[in-house]
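Novice: Submitted below is the structure of interest, expressed as structure tokens.
Numbering (this note's numbering), first residue to last: -1 to 322.
Right, here's the structure in full:
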């Protein structure tokens, strides 16, 4: 039976409880409308994987400090800001099965809320002199933006290669998990070498995490993500890239045409999903995902052995075994 998040969290249960209280305080505002929206966001928090990566890495490299709590809050604030803005960009009405901020309060308010969250994160770091942490997280936010724009550019032309795909997911997803681990290590004054190991570990976990997410597009599980949504949004993910690279020219052209011009048609999307499955795209992506997990664990095992390290290893396994 797979471990639950609660089991994995055991070594940092007290820290996570304290963090939740502190994070609510960081989110407070004297503007009634803003405070109402902040409460809505806090009540609908996800699994909190990012703070877990921060606290567990800090535990592996030293002893959790107030700086660790601020680093975890900084990442959550900036990450939440990017999600609120993403929902506006994507015109999305739902986030984790709940109404998005823009769906309930319209785009103008959603953009301002994202800006507020961003400024709260920046001030939290500046007011406490956490400039090293701010530099790590700001770089991740920049990379997330670049990755999104690179994906949009490639979606228009559908000419993405496997190498470009890895660069997109490194920037879009892996950069933030990488930042979580680097922030955790930096917050406990770990050595430069240890911080770099933690950063690289997080990057590899992040890439594996995104490949798993891409595989959901072809599965039958109820994951809060509609089947074929990546195809509908013209996102070229690893299973599809592999299938196209190994298809005959005529079939490749037909599949690209469907993605480009008929992605709103459920029957046509089902054709693409079937094509990817028959071409071995799922098996190939799963193999690559497993390779990144193995590389991440190899880096993790160079860090000191502890219950925190065991939980980090379990968290890595959880990210690729999750069903949503």
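By construction, the Cβ of each residue, glycine as well, lies at the ideal position given by its N, Cα and C atoms.
Here the structure is a predicted model, which is why all the values come from computation and not from measurement.
Could you give the distance in angstroms between the alpha-carbon of residue 129 and the alpha-carbon of residue 176?
Specialist: Numbered from 1 along the chain shown, position 131 holds the residue referred to as residue 129. Numbered from 1 along the chain shown, position 178 holds the residue referred to as residue 176. Cα to Cα, residue 129 sits roughly 17 Å from residue 176.
Novice: In this structure, how does DSSP classify residue 130 when only helix, strand and coil are distinguished?
Specialist: Along the chain shown, one-based indexing puts residue 130 at 132. DSSP places residue 130 in helix when its eight states are reduced to three.
Novice: Would you call the CB atoms of residue 174 and residue 114 closer than 8 Å?
Specialist: As a position in the chain shown, residue 174 is number 176, starting the count at 1. As a position in the chain shown, residue 114 is number 116, starting the count at 1. Going by C-beta atoms, residue 174 is not nearer than 8 Å to residue 114.
Novice: Count the other C-beta atoms from every protein chain shown that fall within 10 angstroms of the C-beta of residue 41, then say buried if there are 16 or more, exposed otherwise.
Specialist: As a first step, residue 41 must be located in the chain shown, where it is residue number 43. So residue 41 ends up on the exposed side.
Novice: Rounded to the nearest angstrom, what separates residue 132 and residue 302 at their Cα positions?
Specialist: Working through the chain shown from its first residue, we reach residue 132 at position 134. Working through the chain shown from its first residue, we reach residue 302 at position 304. The alpha-carbon atoms of residue 132 and residue 302 are separated by roughly 26 Å.
Novice: What's the gap between the Cα of residue 220 and the Cα of residue 211?
Specialist: One-based indexing of the chain shown puts residue 220 at position 222. One-based indexing of the chain shown puts residue 211 at position 213. Reliability fails at residue 220, whose pLDDT of 41 lies under 50, so the model's placement of it is uncertain and no value is given.
Novice: Can you tell which of 289, 60, 71 has its C-alpha closest to the C-alpha of residue 119?
Specialist: Within the chain shown, residue 119 is the residue found at index 121, counting from 1. Of 289, 60, 71, the residue nearest in Cα terms is 71.
Novice: To the nearest whole angstrom, what separates the beta carbons of residue 178 and residue 48, a pair I think is in contact under 8 Å?
Specialist: In the chain shown, residue 178 corresponds to position 180, counting from 1. In the chain shown, residue 48 corresponds to position 50, counting from 1. Right, the Cβ-Cβ distance comes to about 5 Å (below 8 Å), so this counts as a contact.
Novice: Where does residue 299 sit, in a helix, a strand or coil, going by DSSP?
Specialist: Your numbering for residue 299 matches position 301 in the chain shown. Three-state result, residue 299: coil.
Novice: Measuring straight from C-alpha to C-alpha, what distance separates residue 23 and residue 74?
Specialist: Taking the first residue of the chain shown as 1, we reach residue 23 at position 25. Taking the first residue of the chain shown as 1, we reach residue 74 at position 76. Per the coordinates, the alpha-carbon of residue 23 lies some 13 Å from the alpha-carbon of residue 74.
Novice: Which residues in the same chain as residue 185 place their Cβ atom closer than 7 Å to its Cβ, once the five residues preceding and following it in sequence are excluded?
Specialist: Translated into positions along the chain shown, residue 185 becomes position 187. Closer than 7 Å at Cβ, skipping near neighbours: 56, 63, 65, 66, 69, 131.
Novice: My assumption, with CB atoms under 8 Å, is that residue 146 sits in contact with residue 170. Please give the rounded CB distance.
Specialist: Translated into the one-based positions of the chain shown, residue 146 becomes position 148. Translated into the one-based positions of the chain shown, residue 170 becomes position 172. Yes, residue 146 and residue 170 are in contact; Cβ-Cβ is about 6 Å, under 8 Å.
Novice: How do the stretch 261 to 277 and the stretch 308 to 317 stand: do at least 3 beta-carbon pairs fall below 8 Å, yes or no?
Specialist: no
Novice: Ignoring anything shorter than 4 residues or poking outside the stretch 2 to 65, list the alpha helix (DSSP H) runs there in chain order.
Specialist: 3 to 6, 11 to 25, 30 to 41, 47 to 59
Novice: Pick from 117, 86, 159: whose alpha carbon is nearest that of residue 107?
Specialist: As a position in the chain shown, residue 107 is number 109, starting the count at 1. Comparing Cα positions, the closest option is 86.
Novice: Closest to residue 233 by CA distance: which of 247, 267, 207, 291 is it?
Specialist: Walking along the chain shown from the start, residue 233 turns up at place 235. Per the Cα distances, 267.
Novice: Tell me which residue opens and which closes the alpha helix (DSSP H) that residue 253 is part of.
Specialist: As a first step, residue 253 is located in the chain shown; it is residue number 255 there, counting from the start. 247 to 259 is the extent of the alpha helix (DSSP H) around residue 253.
Novice: What is the C-beta distance between residue 269 and residue 256, in whole angstroms, given that I count them as a contact (C-beta under 8 Å)?
Specialist: Here residue 269 refers to the residue found at position 271 of the chain shown. Here residue 256 refers to the residue found at position 258 of the chain shown. Yes, residue 269 and residue 256 are in contact; Cβ-Cβ is about 6 Å, under 8 Å.
Novice: Go to residue 263, then tell me how far its alpha helix (DSSP H) extends in each direction, as first and last residue.
Specialist: By 1-based counting over the chain shown, the position of residue 263 is 265. Taken as a continuous stretch (DSSP letters only), residue 263 belongs to no alpha helix (DSSP H), as it is neither H nor E.
Novice: In its own chain, which residues sit with a C-beta less than 6 Å from the C-beta of residue 182, not counting the 5 before and 5 after it?
Specialist: In the chain shown, the residue the question calls residue 182 occupies position 184. Here the set comprises 52, 55, 56.
Novice: For residue 19, count neighbouring C-beta atoms within 10 Å of its own C-beta (all shown protein chains included) and say buried if the count is 16 or more, exposed if not.
Specialist: Position 21 of the chain shown holds residue 19. That one is exposed.
Novice: For residue 78, count neighbouring C-beta atoms within 10 Å of its own C-beta (all shown protein chains included) and say buried if the count is 16 or more, exposed if not.
Specialist: Within the chain shown, the letter at position 80 stands for residue 78. Answer is buried; the Cβ neighbour count reaches 16.
Novice: Return the first residue and the last residue of the alpha helix (DSSP H) that residue 243 is part of.
Specialist: On the chain shown, residue 243 is found 245 positions in, with the first residue counted as 1. Per DSSP, residue 243 belongs to the alpha helix (DSSP H) from 236 to 243.
Novice: Quick one: grab the DSSP three-state call for residue 223.
Specialist: Working through the chain shown from its first residue, we reach residue 223 at position 225. Because the pLDDT of residue 223 is 44, which lies under 50, any placement of that residue in the model is unreliable, and the question is left without a value.
Novice: Using three-state DSSP, classify residue 231 as helix, strand or coil.
Specialist: Here residue 231 is taken as the residue at index 233 of the chain shown, counted from 1. Three-state result, residue 231: coil.
Novice: Which of the three DSSP states, helix, strand or coil, is assigned to residue 189?
Specialist: Mapped onto the chain shown, residue 189 falls at position 191. Three-state result, residue 189: coil.
Novice: With 16 as the cutoff for other CB atoms within 10 Å, does residue 200 come out buried or exposed?
Specialist: For this step, residue 200 is matched to residue 202 along the chain shown. Flag for residue 200 reads buried.
Novice: In this structure, does DSSP put residue 304 in helix, strand or coil?
Specialist: The residue labelled residue 304 in the question sits at position 306 within the chain shown. In the structure shown, residue 304 sits in coil (DSSP, three-state: anything other than H, G, I, E or B).
Novice: If you follow the alpha helix (DSSP H) that residue 166 is part of, which residue opens it and which one closes it?
Specialist: To locate residue 166, count along the chain shown from 1; it is residue 168. For residue 166, the enclosing alpha helix (DSSP H) stretches over residues 160 to 167.
Novice: For residue 202 versus residue 293, is the C-beta spacing smaller than 8 Å?
Specialist: The count along the chain shown starts at 1 and reaches residue 202 at position 204. The count along the chain shown starts at 1 and reaches residue 293 at position 295. It is a contact, given that the beta carbons lie within the stated cut-off.
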